[in-house]
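In the numbering used here, the protein residues as written are 1 to 110.
See structure below.
Here you go:
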């Protein structure tokens with residue numbers, strides 16, 4: 001019996017573009033791991049953590065496209081962003097000051 005599932009060429013192209021971006025990030029940071037998080041109607045967020053501790057993220061228009069992109073890129077994925085995976089993220093002064101600013105109502109204009 002033939003497979004009747006239709007392949008959306010636009011979704012395939014988007015997944016391929018995301019996979020290329022993921023692979024570039026991985027190459028630039030000595031390898032990478034990721035996690036896909038559902039964002040509702042907005043799609044899905046792909047969080048990437050490089051072996052050097054640098055991190056970044058991408059947004060895909062759907063969870064299925066995000067999963068396909070991660071699969072094509074060949075990186076290791078995690079079910080959640082916690083524990084040992086989260087501990088790999090290295091944050092700098094900018095991130096800490098940005099987080100502190102959010103907590104106290106944002107940066108002050110002086």
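Just so you know, even glycine gets a beta-carbon here, dropped at the ideal spot from N, CA and C.
Computed from a predicted structure; not experimentally measured.
The beta strand (DSSP E) spanning residue 13 covers which residue range?
As a working mapping, residue 13 is identified with position 13 in the chain shown. From DSSP, residue 13 is part of no beta strand (DSSP E) but of the alpha helix (DSSP H) over 9-28.
Segments assigned alpha helix (DSSP H), at least 4 residues, entirely inside the region 23-88:
Counting only runs of 4 or more, we get 63-73 and 83-87.
With 16 as the cutoff for other CB atoms within 10 Å, does residue 66 come out buried or exposed?
For the purposes of this step, residue 66 is taken as residue 66 along the chain shown, with counting starting at 1. It counts as buried.
Please name the residue in 20, 86 and 94 whose C-alpha comes closest to that of residue 75.
The residue given as residue 75 occupies position 75 in the chain shown. Measuring from the Cα of residue 75, the nearest candidate turns out to be 20.
Integer Cβ distance of residue 89 from residue 34, believed to fall under 8 Å
To locate residue 89, count along the chain shown from 1; it is residue 89. To locate residue 34, count along the chain shown from 1; it is residue 34. Your pair residue 89 and residue 34 does not check out as a contact, with CB atoms roughly 12 Å apart and the cut at 8 Å.
As a quick exercise: from 10, 32, 52 and 8, pick the residue whose alpha carbon is nearest that of residue 73.
Stepping through the chain shown from its first residue, residue 73 is reached at position 73. When only C-alpha atoms are compared, the closest one is 32.
Residue 78 and residue 52: beta carbons closer than 7 Å?
The count along the chain shown starts at 1 and reaches residue 78 at position 78. The count along the chain shown starts at 1 and reaches residue 52 at position 52. The Cβ atoms of residue 78 and residue 52 lie no closer than 7 Å to each other.
Candidates 83, 36, 49 and 91: which alpha carbon is nearest residue 62's?
Indexing the chain shown from 1 puts residue 62 at position 62. With distances taken between Cα atoms, residue 62 lies closest to 36.
Taking only the alpha-carbon atoms, compute the straight-line gap between residue 81 and residue 50 and give it to the nearest angstrom.
On the chain shown, residue 81 is found 81 positions in, with the first residue counted as 1. On the chain shown, residue 50 is found 50 positions in, with the first residue counted as 1. Rounded to whole angstroms, residue 81 and residue 50 show a C-alpha spacing of 14 Å.
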